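Report on the following structure.
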Amino acid sequence: MLRVKRIYDPPSPEDGQRFLVERLWARGVSRDAARLAGWLKELAPSRELRTWFGHDPVRWEEFRRRYRAELRAPEKQELLHRLAAAARLGPVTLVYAARDTEHSSAVVLKEVLEERYLRQTAPTRRVERAQRARRGSSRPAP
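Using numbering that gives the first Met the number 0, the letters of the sequence shown map in sequence onto residues 0 to 141.
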């Protein structure tokens, strides 16, 4: 499971592994208080894109498009795969500092991870259906 949460909100057990996904450290938050499993600044938007966006909601759709393009870069793939693997094993929370909870790069990163790395593919669904058919059940196994 993948979630997003502001770093200024208190950590909770439901967060699972928490990863800061900002290029800059959040002001006023100690490393101990953040309770992070890691800081993945390499997955944050580039400095140029972050500066251009400036958290302006009018630029949101273009920011999303550009950031998604940045996340397709070959050097980001290993980190994205590792993050997705962690999310398959248990809860992972992408932690960010922005005030705007709807227009944050963490929201885009979560979308990309879910779409490209965590969604169930058609071949996987076919295999599961075949396994259920062999068991004589039309319902997914618990």
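Yeah, the Cβ is synthetic: ideal placement off N, Cα and C, and Gly gets one too. Quick caveat: nothing in here was measured; it's all calculated off a predicted structure.
Notebook entry, point to check: Which value, in whole angstroms, describes the spacing of the CA atoms of E21 and W38?
Noted result: Locating residue 21 in the sequence shown gives position 22, counting from the first residue. Locating residue 38 in the sequence shown gives position 39, counting from the first residue. So the alpha carbons of these two residues sit roughly 8 Å apart.
Margin query: Could you tell me the alpha carbon to alpha carbon distance between G53 and L117, rounded to whole angstroms?
Written below: Working through the sequence shown from its first residue, we reach residue 53 at position 54. Working through the sequence shown from its first residue, we reach residue 117 at position 118. About 29 Å.
Note to self: My assumption, with CB atoms under 8 Å, is that R42 sits in contact with K75. Please give the rounded CB distance.
What the structure shows: The sequence position of residue 42 within the sequence shown is 43, counting from 1. The sequence position of residue 75 within the sequence shown is 76, counting from 1. Reading the sequence as shown, one finds Leu at residue 42 and not Arg. Indeed, because the Cβ distance is near 6 Å, the residues count as touching under 8 Å.
Margin query: Here's the rule: buried if 16 or more other CB atoms are within 10 angstroms of the residue's CB, otherwise exposed. What is L88?
Written below: As a position in the sequence shown, residue 88 is number 89, starting the count at 1. The residue in question, L88, is exposed, as its Cβ has fewer than 16 Cβ neighbours within 10 Å.
Next item on the list: Please report the residue range of the alpha helix (DSSP H) in which R87 lies.
Entry: Stepping through the sequence shown from its first residue, residue 87 is reached at position 88. Where R87 is concerned, the enclosing alpha helix (DSSP H) stretches over P73 to L88.
Next item on the list: Could you have a look at W38 and say whether DSSP puts it in helix, strand or coil?
Entry: Counted from its first residue, the sequence shown places residue 38 at position 39. Strand at W38.
Item checked: Cutoff 7 Å; reference R46; Cβ partners in own chain excluding five residues on either side -> Taking the first residue of the sequence shown as position 1, residue 46 is located at position 47. These residues qualify, in order along the chain: R22.
Notebook entry, point to check: K109 to A72, Cα distance in whole Å?
Noted result: As a working mapping, residue 109 is identified with position 110 in the sequence shown. As a working mapping, residue 72 is identified with position 73 in the sequence shown. Rounded to the nearest angstrom, the gap between the Cα atoms of K109 and A72 is 16 Å.
Check: So what does DSSP say about T50, is it helix, strand or coil?
Finding: Residue numbering aside, residue 50 sits at position 51 when the sequence shown is read from its first letter. Helix at T50.
Next item on the list: Report the three-state DSSP secondary structure of V28 (helix, strand or coil).
Entry: Along the sequence shown, one-based indexing puts residue 28 at 29. Three-state DSSP puts V28 in coil, outside helix and strand.
Checklist line | For R5, the three-state DSSP class (helix, strand or coil) | finding: To locate residue 5, count along the sequence shown from 1; it is residue 6. Residue state, collapsed to three classes: strand.
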